[in-house]
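The structure under discussion appears below in the form of structure tokens.
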Amino acid sequence: MSSTVKGVIARSKGASVEVVDVVVPDPGPGEAVVKIQACGVCHTDLHYREGGINDEFPFLLGHEAAGVVEAVGDGVTEVTPGDFVILNWRAVCGQCRACAKGKPQYCFNTHNAKQKMTLTDGTELSPALGIGAFIEKTLVAAGQCTKVDPAAPAAAAGLLGCGVMAGFGAAVNTGGVGRGDSIAVIGCGGVGNAAIAGATLAGASTIIAVDVDDRKLEWARGFGATHVVNSREADAVEAIRALTDGNGADVVVDAVGRPETYEQAFHARDLAGTVVLVGVPAPDMEITLPLLEVFGRGGALKSSWYGDCLPSRDFPMLVDLALQGRFPLEDFISERITLDDVEKAFEKMHHGEVLRSVVEL
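Sequential numbering of the sequence shown, starting at 1, is according to full-length UniProt numbering.
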């Protein structure tokens with residue numbers, strides 16, 4: 001039997017979100033129903049509401065979530081009812097070119113649940129990032145469920161489902177930052193500060209946070225930044241070079257995703273250094289770079305999608321590190337809210353007042 005539960009939807013572009021009744025079908029083959037315990041409010045959800053992803057309204061919002069598996073469909077072996085899981089938006093196929101090469105973190109054929117959740121009138125919903133977790137329980141592909149230690153607080157664990165993993169992975173997986181390295185992170189919201197926390201854990205010696213907001217720079221200090229630069233008051237490239245003996249940083253992470261920040265990242269890296277783009281640009285944005293500099297500097301220009309993570313490998317590891325007190329996962333939580341508070345949380349996010357609001361159910 002299907003279930004009818006409360007969930008948060010965006011009905012049309014720019015409209016305030018609504019809490020409505022949502023029909024969740026029983027899981028079919030390869031699917032699972034998860035009772036949501038907590039879900040972070042991510043900027044991607046706001047992008048969906050504003051029509052910045054696509055126009056497949058109405059959207060069921062929310063995707064940074066943790067909860068307990070309630071039921072599974074035929075053929076599911078990854079999880080069983082009662083498992084505490086973090087949801088991910090890249091269930092790997094195991095068969096594509098990337099998976100066949102032993103690189104499932106780059107899977108070219110990730111998938112979601114085949115059935116649709118609907119409004120009570122039968123209108124099909126588009127779940128954000130194939131999850132839709134501002135809801136009491138949701139339907140996903142079983143491969144989107146990653147089992148982790150149930151001792152982890154759900155509100156913190158769920159943040160690994162997107163923003164924290166994206167930032168941590170941008171620094172550690174994509175950027176390869178290691179002991180003694182220097183790193184600069186441009187943009188110190190949730191993703192940027194996760195990159196800083198990851199670099200701290202990896203043993204980077206010089207960690208430079210760049211932002212236009214002193215409040216965010218103070219957050220960055222808390223996550224391990226050794227230096228901060230307000231780029232409204234100083235030239236970011238010159239400041240990063242000055243803090244790295246005139247060389248530039250080994251790794252520069254652009255957690256904003258604008259042409260001007262990418263150009264800053266490009267010019268602020270050392271010879272043979274690495275630029276990592278993890279901030280999401282708008283579709284119409286373009287950059288112009290001097291090709292001779294691209295050639296002459298060497299190194300690498302990389303994009304980091306979901307922090308190049310493999311959820312089955314990375315989620316349990318980071319949960320264990322958090323439980324050991326070695327990774328400050330709970331420090332990303334600014335406030336705990338209900339489903340009725342999501343619209344207010346978007347407003348606070350827009351004004352840079354929070355790292356993460358977390359819906360608790």
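Here a beta-carbon is modelled for each residue, glycine too, at the ideal position from N, C-alpha and C.
Only a predicted model underlies this, so the values are computations on that prediction, with no experimental measurement involved.
**Q.** Per-residue DSSP class, three states only, for Cys99
**A.** Translated into positions along the sequence shown, residue 99 becomes position 99. Looking at Cys99 - three-state DSSP - the assignment turns out to be helix.
**Q.** Simplified DSSP state of His111, which is helix, strand or coil
**A.** For this step, residue 111 is matched to residue 111 along the sequence shown. His111: strand per DSSP, three-state reduction.
Q | Glu31 burial status per 10 Å Cβ neighbour count (16 or more: buried) | A | Residue numbering aside, residue 31 sits at position 31 when the sequence shown is read from its first letter. Glu31 should be labelled buried.
**Q.** Backbone CA spacing between Asp235 and Gly187 [nearest angstrom]
**A.** In the sequence shown, the residue the question calls residue 235 occupies position 235. In the sequence shown, the residue the question calls residue 187 occupies position 187. Distance between the alpha carbons of Asp235 and Gly187: 14 Å.
**Q.** Option in Val85, Thr138 and Leu87 with minimal Cα separation from Lys6
**A.** What you label residue 6 is simply residue 6 of the sequence shown in a count that begins at 1. Ranking Val85, Thr138 and Leu87 by Cα distance to Lys6 puts Thr138 first.
Q) Exposed or buried, what is His351 when buried is set at 16 or more other beta-carbons lying within 10 Å of its beta-carbon? A) For the purposes of this step, residue 351 is taken as the residue at position 351 of the sequence shown. By the neighbour-count rule (16 or more Cβ atoms within 10 Å), His351 is not buried but exposed.
Q | Cα-Cα separation between Leu243 and Ile287, rounded to whole angstroms | A | Residue numbering aside, residue 243 sits at position 243 when the sequence shown is read from its first letter. Residue numbering aside, residue 287 sits at position 287 when the sequence shown is read from its first letter. Looking at the two C-alpha atoms, the distance is approximately 26 Å.
Q | Three-state secondary structure (DSSP) of Ser312 | A | Stepping through the sequence shown from its first residue, residue 312 is reached at position 312. If DSSP states are grouped into helix, strand and coil, Ser312 belongs with the helices.
Q. Does DSSP classify Ile9 as helix, strand or coil?
A. Counting from one through the sequence shown, the residue named residue 9 turns up at place 9. The answer is strand: DSSP assigns Ile9 an E or B state.
Q. Where does Leu61 fall in DSSP's three states?
A. The count along the sequence shown starts at 1 and reaches residue 61 at position 61. It is coil, neither helix nor strand.
Q.
So for His47, helix, strand or coil by DSSP?
A. Counting from one through the sequence shown, the residue named residue 47 turns up at place 47. Here His47 sits in helix by DSSP.
**Q.** Cβ-Cβ distance between Val229 and Val210 below 8 Å
**A.** By 1-based counting over the sequence shown, the position of residue 229 is 229. By 1-based counting over the sequence shown, the position of residue 210 is 210. A contact, by the Cβ cut-off of 8 Å.
Q | Start-to-end residues for the beta strand (DSSP E) that takes in Lys137 | A | One-based indexing of the sequence shown puts residue 137 at position 137. Per DSSP, Lys137 belongs to the beta strand (DSSP E) from Lys137 to Ala141.
Q.
By the three-class DSSP mapping on this structure, what secondary structure does Phe223 have?
A. To locate residue 223, count along the sequence shown from 1; it is residue 223. Phe223 falls in the coil class under three-state DSSP.
(Q) Given this structure, state the Cα-to-Cα distance separating Gly82 from Glu293, to the nearest angstrom. (A) By one-based count along the sequence shown, residue 82 stands at place 82. By one-based count along the sequence shown, residue 293 stands at place 293. If I take the Cα positions, the gap works out to 54 Å.
Q.
Is it buried or exposed, Thr200, if we count other Cβ atoms within 10 angstroms and call 16 or more buried?
A. To locate residue 200, count along the sequence shown from 1; it is residue 200. So Thr200 counts as buried.
Q.
Can you list, in chain order, the residues of its chain with a C-beta nearer than 6 Å to that of Phe57? Leave out the 5 residues immediately preceding and following it.
A. Position 57 of the sequence shown, counting from 1, holds the residue named residue 57. Excluding positions up to five away in sequence, the list reads Ser12.
Q: Please go through the same chain and pick out, in chain order, the residues whose beta-carbon is closer than 8 Å to the beta-carbon of residue 370, but skip the five residues on each side of it.
A: Here the chain covers residues 1 to 361 and nothing more, so residue 370 does not appear.
Q: Consult DSSP for Leu201 and reduce its assignment to one of helix, strand or coil.
A: If you number the sequence shown from 1, residue 201 lands on position 201. Reduced to three states, the DSSP call for Leu201 is helix.
Q | Met285 burial status per 10 Å Cβ neighbour count (16 or more: buried) | A | Position 285 of the sequence shown holds residue 285. Met285 is exposed by the Cβ-count criterion.
Q: For Asn54, name the three-state secondary structure that DSSP assigns.
A: For the purposes of this step, residue 54 is taken as residue 54 along the sequence shown, with counting starting at 1. Coil.
Q. Roughly how many angstroms separate the alpha carbons of Phe223 and Ala194, rounded to a whole number?
A. Working through the sequence shown from its first residue, we reach residue 223 at position 223. Working through the sequence shown from its first residue, we reach residue 194 at position 194. Cα to Cα, Phe223 sits roughly 8 Å from Ala194.
Q | Own chain residues within Cβ distance below 6 Å of Ala300, not counting five before or after | A | As a position in the sequence shown, residue 300 is number 300, starting the count at 1. If we look at Ala300 and ignore the five residues flanking it on each side, its Cβ neighbours are Thr274.
Q.
Whole angstroms are fine: how far does the CA of Glu343 sit from the CA of Thr80?
A. Locating residue 80 in the sequence shown gives position 80, where the first residue counts as 1. Locating residue 343 in the sequence shown gives position 343, where the first residue counts as 1. C-alpha separation (whole angstroms): 34 Å.
Q. When the distance is taken between beta carbons, is Val69 closer than 8 Å to Val34?
A. One-based indexing of the sequence shown puts residue 34 at position 34. One-based indexing of the sequence shown puts residue 69 at position 69. In this structure, Val69 lies closer than 8 Å to Val34 by Cβ.
Q: Note the first and the last residue of the continuous beta strand (DSSP E) segment covering Thr206.
A: Reading the sequence shown from its first residue, position 206 is the one you call residue 206. Thr206 -> beta strand (DSSP E) spans Thr206 to Asp211.
Q: Can you check DSSP and say which residues form a bridge with Gly192?
A: On the sequence shown, position 192 is the one that residue 192 refers to. Its beta-bridge partners do not exist; DSSP assigns none.
Q) Would you say the stretch 148 to 168 touches the stretch 304 to 318, given that touching needs at least three Cβ pairs under 8 Å? A) yes
Q: Going by DSSP, name the residue or residues bridged to residue 362.
A: A question about residue 362 goes unanswered here, because the residues of the chain that appear run from 1 up to 361.
Q: Just grab the DSSP bridge partners of residue 366 for me.
A: The chain is shown from 1 up to 361; residue 366 falls before or after that span and cannot be answered.
Q. Hey, how far is the Cα of Ala268 from the Cα of Arg215?
A. Indexing the sequence shown from 1 puts residue 268 at position 268. Indexing the sequence shown from 1 puts residue 215 at position 215. One C-alpha to the other measures close to 23 Å.
Q: Flag this pair as yes or no: are the beta carbons of Ala255 and Val191 separated by less than 8 Å?
A: Along the sequence shown, read from residue 1 onward, the residue named residue 255 stands at position 255. Along the sequence shown, read from residue 1 onward, the residue named residue 191 stands at position 191. Cβ atoms of Ala255 and Val191: closer than 8 Å.
(Q) Between the alpha carbons of Leu125 and Leu318, how many angstroms are there, rounded? (A) Here the question's residue 125 lines up with position 125 in the sequence shown. Here the question's residue 318 lines up with position 318 in the sequence shown. Roughly 32 Å separates the two Cα atoms.
Q: Would you identify the three-state DSSP class for Gly248, choosing helix, strand or coil?
A: Reading the sequence shown from its first residue, position 248 is the one you call residue 248. In this structure, Gly248 counts as coil in the three-state DSSP scheme.
Q. Do you know offhand how far Met117's Cα is from Gly198's?
A. Working through the sequence shown from its first residue, we reach residue 117 at position 117. Working through the sequence shown from its first residue, we reach residue 198 at position 198. Straight-line Cα distance between these residues: approximately 36 Å.
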